[in-house]
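**Student:**
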Amino acid sequence: NNATGLINWKPEFGQNGTYSITLRVSDGNLSAEQSYNLTISGASRLSITKIKFNIDDEDGDKKDTLVDGAKSRDIKPGQNIEVTVELADLFTQTDFEINDVDVEGVIKGIDDDDDLDDEDENIDLDAGDEEKARFNFEIPVYADKGEYKLIITASGRGSDGLDYQDNTTVFLVVEKKKHELAITKAS
684 NNATGLINWK
694 PEFGQNGTYS
704 ITLRVSDGNL
714 SAEQSYNLTI
724 SGASRLSITK
734 IKFNIDDEDG
744 DKKDTLVDGA
754 KSRDIKPGQN
764 IEVTVELADL
774 FTQTDFEIND
784 VDVEGVIKGI
794 DDDDDLDDED
804 ENIDLDAGDE
814 EKARFNFEIP
824 VYADKGEYKL
834 IITASGRGSD
844 GLDYQDNTTV
854 FLVVEKKKHE
864 LAITKAS
């Protein structure tokens, strides 16, 4: 825009890459020039839209729905957690697919400082489609009280030959009372 100096450009689909840009301005007497590189990377159209927990509990199942950065309600050592990850293909082209989507969940450091992981594989998403991935974790009976990161990563290959990925992190809150004991072996 000659009046304001504003440069406005919206990259089209497929214009990923690095572009060399040189700006030249002049007021008729003096001029200036600046060069720089502009890198455009495509936003992933594979999206983790929702995470649901179904936690086995002696009082009946508890359910939690979490978004990125959220914390679960209290989970006790020894409980089973079914994790459902809702995925979406955000492309609007009707013939576009993201195939062989693998979804992995990793709970960092919960198993005596080791990680627990599980995955659901080979999910196919058509444009605008939503699917669910599921995996299960049993919280170790000797897990310490505290917050543990659950990192969820979804990745797949689009019909354009490019790889697409999304990830999110939520926190599992393990609650353990000092008087709760677990006998894991007796002889």
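In terms of the working numbering, the sequence shown opens at residue 684 and continues consecutively. Glycine included, each C-beta is placed from N, C-alpha and C at the ideal position.
Terminal residues of the continuous beta strand (DSSP E) containing Val-857?
**Tutor:** Start at 1 with the first residue of the sequence shown, and residue 857 comes out as number 174. Note, Val-857: beta strand (DSSP E), 846-857.
**Student:** Thr-687: which of Asp-710, Ile-704, Ile-731 and Val-856 sits nearest, CA to CA?
**Tutor:** Taking the sequence shown and counting its residues from 1, one reaches residue 687 at position 4. Nearest Cα to Thr-687 within the set Asp-710, Ile-704, Ile-731 and Val-856: Asp-710.
**Student:** Could you check the C-alpha separation between Ala-810 and Ser-730 for me, to the nearest Å?
**Tutor:** Mapped onto the sequence shown, residue 810 falls at position 127. Mapped onto the sequence shown, residue 730 falls at position 47. Whole-angstrom Cα-Cα distance: 12 Å.
**Student:** So, are the CB atoms of Thr-836 and Ile-734 less than 8 Å apart?
**Tutor:** Here the question's residue 836 lines up with position 153 in the sequence shown. Here the question's residue 734 lines up with position 51 in the sequence shown. No, the Cβ-Cβ distance between Thr-836 and Ile-734 is not below 8 Å.
**Student:** Could I get the ranges of all uninterrupted alpha helix (DSSP H) runs contained in the segment 735-773, with 4 residues as the minimum, in chain order?
**Tutor:** none
**Student:** DSSP beta-bridge partners for Lys-828?
**Tutor:** Counting from one through the sequence shown, the residue named residue 828 turns up at place 145. Within the DSSP bridge table, the entry for Lys-828 names no partner.
**Student:** Kindly indicate which residue of Tyr-831, Asp-795, Ser-838 and Lys-828 has the alpha-carbon position closest to the one of Asp-803.
**Tutor:** Taking the first residue of the sequence shown as position 1, residue 803 is located at position 120. For the residues Tyr-831, Asp-795, Ser-838 and Lys-828, the minimum Cα distance to Asp-803 belongs to Ser-838.
**Student:** If we count the other Cβ atoms within 10 Å of its Cβ and call it buried at 16 or more, is Gly-829 buried or exposed?
**Tutor:** For this step, residue 829 is matched to residue 146 along the sequence shown. Per the 10 Å Cβ criterion, exposed.
**Student:** Hey, how far is the Cα of Leu-845 from the Cα of Pro-694?
**Tutor:** Translated into positions along the sequence shown, residue 845 becomes position 162. Translated into positions along the sequence shown, residue 694 becomes position 11. Going by the C-alpha atoms only, they are around 17 Å apart.
**Student:** Do you know offhand how far Glu-821's Cα is from Glu-813's?
**Tutor:** Here residue 821 refers to the residue found at position 138 of the sequence shown. Here residue 813 refers to the residue found at position 130 of the sequence shown. The alpha-carbon atoms of Glu-821 and Glu-813 are separated by roughly 27 Å.
**Student:** With Asn-819 as the anchor, note down where its beta strand (DSSP E) starts and where it stops.
**Tutor:** Residue 819 sits at position 136 when you count from the first residue of the sequence shown. The continuous beta strand (DSSP E) containing Asn-819 extends over residues 813-821.
**Student:** Among Ile-704, Asp-783 and Gly-752, whose alpha-carbon lies nearest the alpha-carbon of Glu-716?
**Tutor:** Within the sequence shown, numbered from 1, the residue matching residue 716 stands at position 33. Checking every option, the nearest Cα to that of Glu-716 belongs to Ile-704.
**Student:** From the DSSP output, which residues share a beta bridge with Ile-781?
**Tutor:** Counted from its first residue, the sequence shown places residue 781 at position 98. DSSP lists Leu-808 and Gly-841 as partners of Ile-781.
**Student:** Using only CA atoms, which one of Phe-774, Asn-720 and Leu-713 lies nearest to Tyr-847?
**Tutor:** Here residue 847 is taken as the residue at index 164 of the sequence shown, counted from 1. Of Phe-774, Asn-720 and Leu-713, the residue nearest in Cα terms is Phe-774.
**Student:** My guess is that Ile-637 and Arg-840 are in contact by the Cβ rule of under 8 Å, so how many angstroms apart are they, rounded?
**Tutor:** Residue 637 is absent from the structure shown; the chain starts at 684 and stops at 870.
**Student:** The beta strand (DSSP E) with Thr-701 in it runs from where to where?
**Tutor:** Translated into positions along the sequence shown, residue 701 becomes position 18. Run containing Thr-701: 700-709, per the beta strand (DSSP E) assignment.
**Student:** Relative to the alpha-carbon of Asp-785, which residue among Asp-751, Asn-805 and Gln-776 has its alpha-carbon at the smallest distance?
**Tutor:** As a working note, residue 785 is residue 102 in the sequence shown. Of the listed residues, the one whose Cα sits closest to Asp-785 is Asn-805.
**Student:** Starting from Gln-717, trace the beta strand (DSSP E) both ways and give me its first and last residue.
**Tutor:** For the purposes of this step, residue 717 is identified with residue 34 of the sequence shown, where counting begins at 1. Gln-717 -> beta strand (DSSP E) spans 714-723.
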